[in-house]
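For reference, each letter of the sequence shown is one residue, going 1 to 228 in my numbering. Beta carbons: idealized from backbone N, C-alpha and C, even for Gly. In what follows, a single structure is set out as structure tokens and then discussed.
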Amino acid sequence: MDDQEPRRRHLLQRIAEELRSLEGRTGCRLSPGVEAALTAVPRHMFVGPGLQPAAYDDTALPIGWRQTISQPSIVALMTELLRPQAGQTVLEVGTGSGYQAAVLSQMVEQVYSIETIPQLAEQASARLKQLGITNVEVRCGDGRLGWPEHAPYDGIIVTAAADKMPSALPPQLKPGARLVLPIGRHPYAQNLWVFDKKEDGAVEGRVILAVAFVPLVEPRDGPESNGA
Ligand code: SAH
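In structure tokens, the structure reads:
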């Protein structure tokens with residue numbers, strides 16, 4: 001409980017309405033589990049002090065290095081689609097601020113999260129620790145390769161848009177598990193996809209709806225600049 005909880009509850013009402021309005025396309029509403037996780041995580045702690053007044057608007061916000069913390073209703077939707085359960089181990093690609101990882105940490109046993117920008121990975125890791133979240137491990141690296149050491153996962157969520165499915169990810173899913181990721185090259189021509197790995201290992205995907213994410217990049221050598 002913190003002094004922003006009333007604002008968070010108000011945002012949760014908006015998210016519930018938004019998900020209801022999308023239900024025809026997504027097949028899901030805001031569930032009690034995801035609602036509780038979003039209520040528990042102080043989103044204002046995942047943005048800079050100047051942006052804290054906007055932290056409970058349903059918008060994406062800049063987090064430096066030309067990256068963004070995703071829009072809360074999209075975080076809620078992707079979390080619903082992932083169907084996280086107690087006892088599971090999930091992989092996130094694109095740690096960013098650490099917010100999505102913190103939301104997942106409320107619902108599963110262990111979250112592994114990969115971020116390509118070292119400063120963001122360090123900040124997110126420190127922030128999660130400061131908030132007392134101990135079941136998220138953040139590593140700096142190329143998330144397109146997954147994190148094979150901890151595979152197979154009960155779910156994988158990618159929070160940056162790939163131009164195609166990264167081929168290393170489906171083999172890191174358990175049979176019956178799900179992968180949620182945005183695919184599309186142009187920022188305004190992306191779709192959110194859900195892929196289910198069948199018991200026989202086949203992977204079947206379907207489009208949920210149009211979205212706008214920062215790109216999943218091929219990491220480059222050399223210093224990153226904070227272009228925010
Ligand atoms: N989930 C984040 C939103 C992150 S935005 C949050 O809750 O705040 C997407 C992130 O993906 C950015 O931080 C970006 O640096 C990262 N990213 C882009 N390409 C990547 C790659 N190949 N591997 C890992 N992270 C990547």
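query = Name the DSSP bridge partner or partners of I183?
reply = A162, N191
ask   = Would you say the beta carbon of P62 comes nearer than 7 Å to a heavy atom of the ligand SAH?
value = no
ask   = In angstroms, rounded to a whole number, what distance separates the CA positions of A60 and T68?
value = 6 Å
request  = With a 10 Å radius around its C-beta and 16 neighbouring C-beta atoms as the bar for buried, classify T79 as buried or exposed.
outcome  = buried
ask   = Hey, out of A124, Q85, S167, whose CA is closest to G33's CA?
value = Q85
task = Answer with buried or exposed for N226, where buried requires no fewer than 16 other C-beta atoms within 10 angstroms of its C-beta.
result = In this prediction, N226 has a pLDDT of 44, which is less than 50 and means its spatial position is unreliable; nothing more can be read from the coordinates.
query = If we count Cβ pairs, one from each stretch, closer than 8 Å, do we get three or more for the stretch 105-118 versus the stretch 46-53?
reply = no
ask   = From P49 to D3, what distance separates their C-alpha atoms?
value = 15 Å
request  = Could you tell me whether the Cβ atoms of H150 and T95 are closer together than 8 Å?
outcome  = no
task = Determine, using beta carbons only, whether S97 and F46 come nearer to each other than 8 Å.
result = yes
task = Can you grab the Cα-Cα spacing for the pair A36 / I208, in whole Å?
result = 24 Å
request  = Classify G146 as buried or exposed, calling it buried when 16 or more other Cβ atoms lie within 10 Å of its own Cβ.
outcome  = buried
key: Through-space distance from D200 to A212, alpha-carbon basis   = 33 Å
key: Boundaries (first-last residue) of the alpha helix (DSSP H) holding S21   = 5-26
message = With H, G and I counted as helix, E and B as strand and the rest as coil, what does DSSP make of G222?
response = No answer about G222 holds up, because its pLDDT of 46 lies below 50 and its placement is not dependable.
query = For G155, does the three-state DSSP call read helix, strand or coil?
reply = strand
ask   = Cα separation between A76 and I15?
value = 7 Å
message = Once DSSP output is grouped into helix, strand and coil, what is the label at I63?
response = strand
message = On the CB-based measure, 16 or more other CB atoms within 10 Å of its CB, does R220 come out buried or exposed?
response = exposed
ask   = Based on Cα-Cα distance, which residue from D154, T134, E218, R139 lies nearest to D163?
value = E218
query = Going by DSSP, what residues sit across from Q110 in a beta bridge?
reply = T89
inquiry  = What would DSSP say about L216, mapped onto helix, strand or coil?
reply    = coil
Distance cut-off 7 Å: A160 Cβ against heavy atoms of the ligand COA = Looking for the ligand COA in the displayed structure turns up nothing; the ligands present are the ligand SAH.
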